[in-house]
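Novice: Sequential numbering of the sequence shown, starting at 1, is according to this note's numbering.
Let me give you the structure first, and then I'll get to my questions.
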Amino acid sequence: MGQSQTPVSPLPAGVERWYKYEETYMSRLLVKPKAQTGLMQEITPEGAGWSYVGFALHRLSPGEMTGGEAGDKELCLVLVSGKARISVDGKDFGELGERMTPFDGQPYAVYVPKGGTWRAEATTGLDLAICSAPGGEGFEAKVIRPGTHPQMTRGKGTNTRYVTNIMPEDDGAAQSLLVVEVITPGGHTSSYPPHKHDEDNLPAESYLEETYYHRLNPPQGFAMQRVYTDDRSLDETMAVEDGDVTLVPKGYHPVAAIHGYDSYYLNVMAGPRRIWKFHNAGEHEWLFTGI
């Protein structure tokens with residue numbers, strides 16, 4: 001007769017649920033890099049479940065090339081870091097780029113119109129962002145140089161951040177794309193007080209989808225981003241790391257940079273109309289009196 005076996009007790013219910021949660025949960029709004037080099041990020045409207053914004057990030061070594069066709073989209077190629085020789089429809093714009101990190105000066109960018117074909121050859125290590133949205137007729141390829149739109153300081157105190165418009169709504173240079181980058185010092189907030197732009201209700205508010213491409217300095221750091229709606233049917237808080245992309249299909253979307261780590265993000269916005277008109281969260285309106 002064999003010895004009886006003492007059954008192994010299961011994990012306590014709460015702990016068991018926690019383990020299952022940790023194994024399976026990942027915010028659908030947080031997109032991690034899919035590689036260390038090459039095509040590191042690729043956000044499409046189909047994959048994001050929306051209609052307008054696309055984003056990709058290529059990391060290339062000197063001598064490596066990438067390129068493509070805009071098709072029915074318009075593109076903004078942003079040299080996040082490094083230098084490249086870029087051409088559009090056979091027109092060589094020469095070697096572009098100055099900064100070696102996104103925290104060191106303003107960017108070079110190139111606008112590619114609907115139907116255009118582009119090519120980029122890295123002449124140094126290169127991080128090249130490809131921002132995309134539906135294109136229109138009558139726009140021409142061009143280089144957007146540092147200083148085209150001066151850097152602005154927004155906010156006060158620990159809400160101070162530094163904003164560089166690459167393609168703002170008032171430049172008349174595109175059909176859909178709005179592109180901007182923001183530097184937020186460690187310990188500061190940005191995209192704050194909370195605002196949203198998810199209703200096509202002009203002149204009060206415009207509908208714009210949005211991506212955030214995040215970088216940190218030093219790169220081992222992290223920042224926090226929350227995306228939430230008034231009714232909390234969407235309410236996600238994410239620790240974003242270097243190279244992550246967050247999706248903002250709707251709702252408020254503030255960012256907090258952690259002490260010791262400066263935050264950079266590149267925003268791409270697009271919607272049915274090229275207008276950035278946002279609505280502030282009512283409960284936080286009082287903050288504007290001191291900002």
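Backbone N, C-alpha and C define an ideal beta-carbon position, used for all residues, glycine too.
1) Identify the continuous alpha helix (DSSP H) that holds G68 and give its terminal residues.
2) Can you tell me where the alpha helix (DSSP H) holding E98 begins and where it ends?
3) In this structure, what does DSSP give as the bridge partners for M40?
4) At the level of alpha carbons, what is the spacing between W276 and A270?
5) Sort out for me which residues DSSP pairs K196 with in a bridge.
6) Tell me the residue span of the alpha helix (DSSP H) that contains E236.
7) Does the Cβ-Cβ distance between L79 and A109 come in under 8 Å?
8) Count the other C-beta atoms from every protein chain shown that fall within 10 angstroms of the C-beta of T237, then say buried if there are 16 or more, exposed otherwise.
9) In its own chain, which residues sit with a C-beta less than 7 Å from the C-beta of G125, not counting the 5 before and 5 after it?
10) Kindly identify the DSSP beta-bridge partner or partners of V80.
11) Let me make sure I understand the geometry here. Which of Q220, A173, A133 and G105 has the alpha-carbon closest to that of Q151?
12) For my contact list, T160 and S263 are in at a C-beta cut-off of 8 Å; report their separation, rounded to the angstrom.
Specialist: Result, derived from the coordinates:
1) Here residue 68 corresponds to residue number 68 of the sequence shown, with the count starting at 1. Where G68 is concerned, there is no enclosing alpha helix (DSSP H), although the beta strand (DSSP E) it sits in stretches over M65 to E69.
2) Along the sequence shown, read from residue 1 onward, the residue named residue 98 stands at position 98. Premise fails: E98 is in no alpha helix (DSSP H) and is neither H nor E.
3) As a working note, residue 40 is residue 40 in the sequence shown. M40 pairs with nothing; no bridge assigned.
4) Locating residue 276 in the sequence shown gives position 276, counting from the first residue. Locating residue 270 in the sequence shown gives position 270, counting from the first residue. When only Cα atoms are considered, W276 and A270 end up about 9 Å apart.
5) Position 196 of the sequence shown, counting from 1, holds the residue named residue 196. BP columns for K196 point to H279.
6) Against the sequence shown, residue 236 aligns to sequence position 236. Run containing E236: none in the alpha helix (DSSP H); it sits in the beta strand (DSSP E), D235 to E241.
7) For the purposes of this step, residue 79 is taken as the residue at position 79 of the sequence shown. For the purposes of this step, residue 109 is taken as the residue at position 109 of the sequence shown. Contact: yes.
8) Locating residue 237 in the sequence shown gives position 237, where the first residue counts as 1. By the beta-carbon neighbour count (other beta carbons within 10 angstroms, threshold 16), T237 is exposed.
9) Locating residue 125 in the sequence shown gives position 125, where the first residue counts as 1. Listed in chain order, the non-local C-beta contacts of G125 below 7 Å within the same chain comprise S61, P62 and G82, local neighbours out to five positions each way being set aside.
10) Position 80 of the sequence shown, counted from the start, is the residue given in the question as residue 80. Answer by DSSP bridge pairing: none, since V80 is not bridged.
11) Here residue 151 refers to the residue found at position 151 of the sequence shown. Here the closest residue by C-alpha is G105.
12) Position 160 of the sequence shown, counted from the start, is the residue given in the question as residue 160. Position 263 of the sequence shown, counted from the start, is the residue given in the question as residue 263. Contact annotation, T160 with S263: C-beta distance approximately 12 Å; criterion of less than 8 Å not satisfied.
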